[in-house]
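Contents: one structure, followed by commentary.
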Amino acid sequence: MTYPLSSDVSSGQPTASAHYNNLRKDALYFGQAATDSLSLGSYLSRHAANIKLEYLATNRIRVVYNPYHPAAVMVGGCMLKATANIDLPTGYFSGAASLFYIHAVRTAGSTTFTLGANTTPVESDTSRVIGTCYWDGTSLSNIISFYPANGFPLADYDSGWFACAYNNTYTLTHNLSGVPRLVILFHATDAAGTSEWIPVYAVYGDSATKGNIGFTSSLIYVVAANGSTQGCVYSFRRSSGSGYYRVLAWL
């Protein structure tokens, strides 16, 4: 279909319903029929870009501002953009250990946004989830942006943390429909990943140190060696025959 459907008009030219309707169709549907295309507002309703959540002492979170790649997000149909660092106020985290959801919050009369946090992912016309963090009862950890930040993209596959033990093989289905170009295996000591993450490049068993991951167009294989104290991770930072693994992969 030709785009745009509308055309320039001359001074004194009579108003025609077809011209108005074509202008509306161009603005809402890029000239397509309403039955064939979402409206522009609907299409962009979940848009978010360049959002990067970082830890800000003490127990606060910041959306980092980059003037060349400013954080932007649609909240309740309104297009919002950061013009400076956006910091979560104090006092949001307390009580028992829990997963918290970070919200971008819209205020009437403003074209930027603020931050809020609570233990529910429920959204509204003025609040939208943009990430998560884990509160262990004392401090924050595992801060994750849901949307791609400027720089290295989020993983195409994330296994989440799963328990591991020495002398086992784990087969994961990544559903990427292609051989990943990059696969990274991490080890942690707890299921929430609040401990130090250790990249696992090799494990120790059978009196030898060996690499322990492989992958195909559909599967990722992780082998834990038979060493009871270093079969799952073997490094200067930590050695263990148990714990938790997490696999990230990029297509």
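In short: position in the sequence shown from 1, add 10, done, that's the working numbering. C-beta: ideal position from N, C-alpha, C; glycine also.
Report, in whole angstroms, the separation of the C-beta atoms of Ala90 and Tyr144, which I expect to be a contact under 8 Å.
At residue 90 the sequence reads Leu, which differs from the Ala that was named. With 8 Å as the limit, Leu90 and Tyr144 do not qualify as a contact, their Cβ atoms being about 26 Å apart.
Quick one: give me the first and last residue of the beta strand (DSSP E) that Arg72 is part of.
Arg70 to Val73 is the span of the beta strand (DSSP E), which, as asked, contains Arg72.
Taking just the CA atoms, how far does Arg72 sit from Ala234?
38 Å
The alpha helix (DSSP H) with Arg34 in it runs from where to where?
Ser27 to Tyr39
Beta-carbon contacts of Arg2 that lie in its chain and below 7 Å, excluding the five residues immediately before and after:
No statement about residue 2 is possible, as the shown extent of the chain runs from 11 to 261 and does not include it.
If we ignore side chains and look at the alpha-carbon of each, how far apart do Gly87 and Ser49 end up?
12 Å
Grouping DSSP H, G and I as helix and E and B as strand, with all else coil, what is Leu164?
coil
By how many angstroms is the C-alpha of Val115 removed from the C-alpha of Arg138?
7 Å
Counting Cβ pairs, one atom from each stretch, are 3 or more of them under 8 Å apart for the stretch 161-180 and the stretch 123-137?
no
Under the rule that 16 or more other beta-carbon atoms within 10 Å means buried, what is Gly241, buried or exposed?
buried
Endpoints, the alpha helix (DSSP H) within which Ser52 is located:
Leu50 to Tyr53
Taking C-alpha atoms, which residue in Val232, Asp216 and Gly215 lies nearest to Ile223?
The closest CA to that of Ile223, considering only Val232, Asp216 and Gly215, is found on Val232.
Whether Ala127 touches Tyr167 by CB criterion (8 Å):
no
In or out: Ser20 buried (at least 16 other Cβ within 10 Å) or exposed?
exposed
Coarse secondary structure for Pro209, derived from DSSP in three states:
strand
Under the assumption that Leu164 contacts Ala259 (Cβ atoms under 8 Å), give the Cβ distance between them as a whole number of angstroms.
Contact doesn't hold; Cβ gap of about 11 Å is too wide.
What is the DSSP secondary structure of Cys242, counted as helix, strand or coil?
coil
Tell me the rounded alpha-carbon separation between Ala92 and Phe123.
Rounded to the nearest angstrom, the two C-alpha atoms are 7 Å apart.
Is it the case that the Cβ atoms of Tyr65 and Ile140 are separated by a distance below 8 Å?
Not in contact: Tyr65 and Ile140 (Cβ atoms no closer than 8 Å).
Assuming Tyr255 is part of the beta strand (DSSP E), what are its boundary residues?
Ser252 to Trp260
Residue of Gly147, Ala94 and Leu150 minimising C-alpha distance to Asn76:
Ala94
Please classify Arg256 as buried or exposed, where buried requires at least 16 other C-beta atoms within 10 Å of its C-beta.
buried
Classification of Pro190 by the beta-carbon crowding that lies within 10 angstroms, buried from 16 upward
buried
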